[in-house]
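Chemist: If you're matching them up, the sequences are chains W and C in order.
For any residue, its number in our numbering is found by taking its place in the first sequence, counting from 1, and adding 7.
For any residue, its number in our numbering is found by taking its place in the second sequence, counting from 1, and adding 9.
Here's a structure for you.
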Amino acid sequence: MFEINKNITGFIEDMTYREQPYLFRMKRMEAANSLRQNGFVFQNQSPVSVKFLKKKFALDVENANTDIGFNCTLENFSPLVYCLVNGRNIVDYGKSDNKIIVENIMNVADKVNELFGSLCDIDENGFYALNTAAFTGGFYIEVPDDTVMELPLQLVSVFNSDCDSMFNVRNLIVLGKNSQLKLIQCDDTFSDHDFFVNNLTEIFVREDAHLDYYKLHNISNDSAAVNSVFIEQESHSVVKTFNMELNAGYLSGNQNVVLGGDFAETYAYGIYLADREQEMDNYVNVEHIGTDCVSQQIFKGIIDDSARSMFTGKIIVHRDSQRTEASQVDKNILLTSKAKAYAKPYLEIYADDVKCSHGATVGQLDEEALFYMQQRGISYENARKLLLNAFVAEVIDKINIEPIKMRVSDMVKKRLMGELTVCDNCVLRCSNAKRQTKYFDNI
Amino acid sequence: MKLLEIKNLWVSINGKQILKGLSLDINAGEVHAVMGPNGTGKSTLASVIAGRSIFNIDEGELIYKGKDLTKLSVDERAKEGIFLSFQYPVEIPGVSMVNFMRNAIDEKRKYFGQDPISMHEFINLMEEKKRLVEMKDTLTQRSVNEGFSGGEKKKNEIFQMAMLEPQLSILDETDSGLDIDALRIVSNGVNKLRTPDNSFIVITHYQRLLNYIVPDVVHVLYDGKIIKSGSKELAMELEKDGYEQFIK
Ligand SMILES: Nc1ncnc2c1ncn2[C@@H]1O[C@H](COP(=O)(O)OP(=O)(O)O)[C@@H](O)[C@H]1O
Ligand SMILES: [Mg+2]
Chain W
8 MFEINKNITG FIEDMTYREQ PYLFRMKRME AANSLRQNGF VFQNQSPVSV
58 KFLKKKFALD VENANTDIGF NCTLENFSPL VYCLVNGRNI VDYGKSDNKI
108 IVENIMNVAD KVNELFGSLC DIDENGFYAL NTAAFTGGFY IEVPDDTVME
158 LPLQLVSVFN SDCDSMFNVR NLIVLGKNSQ LKLIQCDDTF SDHDFFVNNL
208 TEIFVREDAH LDYYKLHNIS NDSAAVNSVF IEQESHSVVK TFNMELNAGY
258 LSGNQNVVLG GDFAETYAYG IYLADREQEM DNYVNVEHIG TDCVSQQIFK
308 GIIDDSARSM FTGKIIVHRD SQRTEASQVD KNILLTSKAK AYAKPYLEIY
358 ADDVKCSHGA TVGQLDEEAL FYMQQRGISY ENARKLLLNA FVAEVIDKIN
408 IEPIKMRVSD MVKKRLMGEL TVCDNCVLRC SNAKRQTKYF DNI
Chain C
10 MKLLEIKNLW VSINGKQILK GLSLDINAGE VHAVMGPNGT GKSTLASVIA
60 GRSIFNIDEG ELIYKGKDLT KLSVDERAKE GIFLSFQYPV EIPGVSMVNF
110 MRNAIDEKRK YFGQDPISMH EFINLMEEKK RLVEMKDTLT QRSVNEGFSG
160 GEKKKNEIFQ MAMLEPQLSI LDETDSGLDI DALRIVSNGV NKLRTPDNSF
210 IVITHYQRLL NYIVPDVVHV LYDGKIIKSG SKELAMELEK DGYEQFIK
């Protein structure tokens, strides 16, 4: 049984006693019980993930400063921006839009009564239980029926602490019938300290609703993030998720999608670029319950130095889910002999009329292509870069917010050249808090 | 003037000897045909000139424009004017023809201290060279060689050759698998580039190509060595009576 730090268990205890809505107290107690009984259920234990989980983090960080002046400098990009500071307080940046509801989840227990925790099984994963027991706040977003959000919504979790800290952030998002939302979520830090963020987001996508959900991960080498996302889709809904894992000491993405209604579509795209000792793991689970649904998973990883990645992709097609189309691809390039990538597809198909495909590759850069390019006068370095960019382009080309596509593509280029360590202009200011001290400048 | 001198070249891969004391001199402006049965080392010779590092040079000299070629990396050789039309052109998904060619041209310009090519100039150059090889417009909008037919790939090699204006071009079985039409187009492309300064090594199995690209010298490569050299009539003899007559 995997044991977590005493300070974490202490904090969980503490959280159940605080004054709070009945719903949350009950949920916390259930989760705390689960942790006590099952231990910290943690499937993919590796030296890196264990190292981060054993590290001592403070959990009860109050706001140091909420006036953080977040300002995204993406050109031609003016989304609605909300910041969540230290997983507790929401700061909005003026441009609020009365079409949607953005609240701190702590204040809306009555609204989320039926939904909270309904998609995630706390016994399945220690991080789910931990989040449920110890969350301190998070976004509640509601897009009313028939509401089309023209502007993207950017949710930034800002961490600003004077010691190494762990944050448990809990979000819940509801897209009403026939509504549309483009959501960008990122983590940002203004401090020199390491952090561990354990995000859990439940998303309910009602009939005919459309969601594009971007997650940008660009945190320091000494920080870790676990992002667990649960999506329930009703009929004719369409969800696209983009998981951009650019930098982190340890990253773990869990994405669980339930296609509950008929004719729903879900597309899960991801890029992970791991180097040094980093580890980036992705778990994607798509469950087809309705008929005539489409699901697609495309993940691409570039693993350098002695970094490691693990992709686990599940497709479950229930017996009555006829005319399902499900596909899954995970491709990895290893840049060194010490780099490791593991790909594990799991398919469980119980219906007959199903088109299903999956493929996983782990390989090196194509030597023949490198030679071919060099023979045309392109230097080895440049040829390598062109090939690596081409490799991730399949995913980047799917990004449908042009400024983000350009910025991500630029960041990937820089990252692949090893230049992001002087991150001048990234979507997040964060990744080099240790090396750079101009945190409060425009990013 | 000698453009390329190969002296007593011995080449092996994984301990297997492929070239066994090959010598060859090519003057500026000449076209040399290299013929020979499969597996005798023709492509190996081409790769070694281009600088492919998987092959070991055990002995011998490669001199290009009076300088030791082995001191240059693959891309430096290309920038210095060596071009290889691959027997099997490589598909590069995700790298567009335009991006690929622009990188190649700009790197070469940079190497010679020139500014990058302007978009305008580049587009004009592409259009001109596409016409030369009668290449379909859509091909340059695709990824390098991806999904190209065999003939399109070979045309694309000649297109790239025309774009890069090399001094020494090596055509490795560019004619294999081409129909008469494509053969004419490819040969035409080559002939347009024939100048008193530019040289060609044309590797082929068939005399057919040499009706279009008339060589100055024909060599027979067998078991890693050139066993016979002669004028273009040698190609006819080979076609008629086979290689065996020269093998003892
Ligand atoms: N990469 C390689 N690894 C091992 N053997 C090779 C390799 N390339 C060529 N050879 C061997 O070298 C010999 C000559 O091959 P090649 O130069 O391709 O001949 P040709 O072009 O004349 O048909 C063949 O026996 C071939 O099997
Ligand atoms: Mg050959």
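We treat Cβ as the ideally placed atom computed from N, Cα and C, and that holds for glycine.
To which residues of the same chain is C:G24 closer than 7 angstroms at the C-beta, ignoring the five residues directly before and after it?
Modeler: none
Chemist: Between the Cα of C:A191 and those of C:R111, C:E39, C:S127, C:Y221, spot the shortest distance and give me the residue it belongs to.
Modeler: C:Y221
Chemist: Look at the alpha carbon of W:T428 and the alpha carbon of W:L91, and state the distance between them as a whole number of angstroms.
Modeler: Residue placement at W:T428 cannot be trusted, given a pLDDT of 45 that sits under 50; the coordinates are not used to answer.
Chemist: Indicate whether at least one CB of chain C lies closer than 8 angstroms to the CB of W:G370.
Modeler: no
Chemist: Listed in chain order, which residues are found with a beta carbon closer than 5 angstroms to a heavy atom of ligand 1?
Modeler: C:I22, C:I27, C:N47, C:G48, C:T49, C:G50, C:K51, C:S52, C:T53
Chemist: Quick one: is W:L423 near chain C, going by C-beta distance under 8 angstroms?
Modeler: no
Chemist: With DSSP collapsed to three states, give me the class of W:E20.
Modeler: helix
Chemist: DSSP three-state label for W:T428, please.
Modeler: Caution applies to W:T428, whose pLDDT of 45 falls short of 50 and renders its modelled position unreliable; the model cannot decide the point.
Chemist: Counting only the same chain and skipping the five closest in sequence on each side, list residues whose C-beta sits under 8 angstroms from that of W:R422.
Modeler: L253, N254, L280
Chemist: When DSSP builds the beta bridges, which residues end up paired with W:H224?
Modeler: W:E252
Chemist: Quick one: Cα of W:C437 to Cα of W:Y221, how far?
Modeler: Reliability of the predicted coordinates at W:C437 is poor, the pLDDT of 41 falling under 50, and the value obtained from them is presented with this limitation in mind. Those two C-alpha atoms are separated by around 17 angstroms.
Chemist: For C:V223, I'd like the list of residues in its chain whose CB is within less than 8 angstroms of its CB, leaving aside the five on either flank, ordered along the chain.
Modeler: V40, K241
Chemist: Please determine if the region 316-336 of chain W and the region 288-297 of chain W are in contact, where contact requires at least 3 C-beta pairs separated by less than 8 angstroms.
Modeler: The region 316-336 of chain W is in contact with the region 288-297 of chain W.
Chemist: Grouping DSSP H, G and I as helix and E and B as strand, with all else coil, what is W:V115?
Modeler: coil
Chemist: At a Cβ cut of 8 angstroms, what residues of the region 263-295 of chain W count as close to chain C, listed as they run along the chain?
Modeler: none
Chemist: To the nearest angstrom, report how far apart W:D130 and W:S227 are at their CA atoms.
Modeler: 30 angstroms
Chemist: Closer than 8 angstroms, CB to CB, is C:K164 near chain W or not?
Modeler: no
Chemist: Using 8 angstroms as the threshold, is the region 78-87 of chain C in touch with the region 54-65 of chain C, meaning 3 or more CB pairs across them?
Modeler: The answer is yes - the region 54-65 of chain C touches the region 78-87 of chain C, with three or more Cβ pairs under 8 angstroms.
Chemist: Where W:H217 and W:D153 are concerned, what is the direct C-alpha to C-alpha distance, given to the nearest angstrom?
Modeler: 11 angstroms
Chemist: In chain order, what residues of the same chain have a beta carbon less than 7 angstroms from the beta carbon of W:A376, not counting five sequence neighbours either side?
Modeler: L394
Chemist: Roughly how many whole angstroms lie between the Cα atoms of C:N133 and W:A275?
Modeler: 41 angstroms
Chemist: Candidates C:K51, C:V104, C:D124: which alpha carbon is nearest C:S94's?
Modeler: C:K51
Chemist: Evaluate W:T368 with the Cβ neighbour count: other Cβ atoms within 10 Å of its Cβ, from every protein chain shown; 16 or more gives buried, anything less gives exposed.
Modeler: With fewer than 16 other Cβ atoms within 10 Å, it is exposed.
Chemist: Using 8 angstroms for Cβ pairs, my map puts W:R383 next to C:A171. What's the rounded Cβ distance?
Modeler: With 8 angstroms as the limit, W:R383 and C:A171 do not qualify as a contact, their Cβ atoms being about 13 angstroms apart.
Chemist: For the region 45-62 of chain C, list every residue whose C-beta sits within 7 angstroms of some C-beta in chain W, in sequence order.
Modeler: A59, R61
Chemist: Taking a contact to mean a Cβ-Cβ separation below 8 angstroms, would you say C:F255 touches C:V229 in this structure?
Modeler: yes
Chemist: Run the proximity test for C:D181: is its beta-carbon closer than 7 angstroms to any non-hydrogen atom belonging to ligand 2?
Modeler: Yes, the beta carbon of C:D181 sits closer than 7 angstroms to at least one heavy atom of ligand 2.
Chemist: At which residues does the alpha helix (DSSP H) containing W:A333 begin and terminate?
Modeler: Premise fails: W:A333 lies in the beta strand (DSSP E), 331-341, not in any alpha helix (DSSP H).
Chemist: Would you report the Cα separation of C:V99 and W:D199, rounded to the nearest angstrom?
Modeler: 47 angstroms
Chemist: Throw me the rounded Cβ distance for the C:D67 and C:S32 pair, which I believe falls under 8 angstroms.
Modeler: That belief does not hold up - the Cβ atoms of C:D67 and C:S32 are roughly 15 angstroms apart, past 8 angstroms.
Chemist: Considering only residues of the same chain and omitting the five flanking positions on each side of C:F168, which have a CB-CB separation below 6 angstroms?
Modeler: Excluding residues up to 5 positions away in sequence, K138, V142, M144 lie with their Cβ nearer than 6 angstroms to the Cβ of C:F168 in the same chain.
Chemist: Name the chain C residues whose beta carbon is nearer than 9 angstroms to that of W:Y29?
Modeler: In chain order: nothing, as chain C lies at least about 54 angstroms away.
Chemist: If you measure beta-carbon to beta-carbon, which residues of the region 237-250 of chain W are closer than 9 angstroms to chain C?
Modeler: The residues in question: there are none.
Chemist: What in chain W is Cβ-close to C:D84, meaning under 9 angstroms?
Modeler: M380, Q381, Q382, R383, G384, I385, S386, Y387, N389, A390
Chemist: When we look at the beta-carbon of W:D311 and count the other beta-carbons within 10 Å, is it buried (16 or more) or exposed?
Modeler: Buried, since its Cβ has 16 or more Cβ neighbours within 10 Å.
Chemist: Hey, out of C:I91, C:V195, C:S56, C:I114, whose CA is closest to C:G159's CA?
Modeler: C:V195
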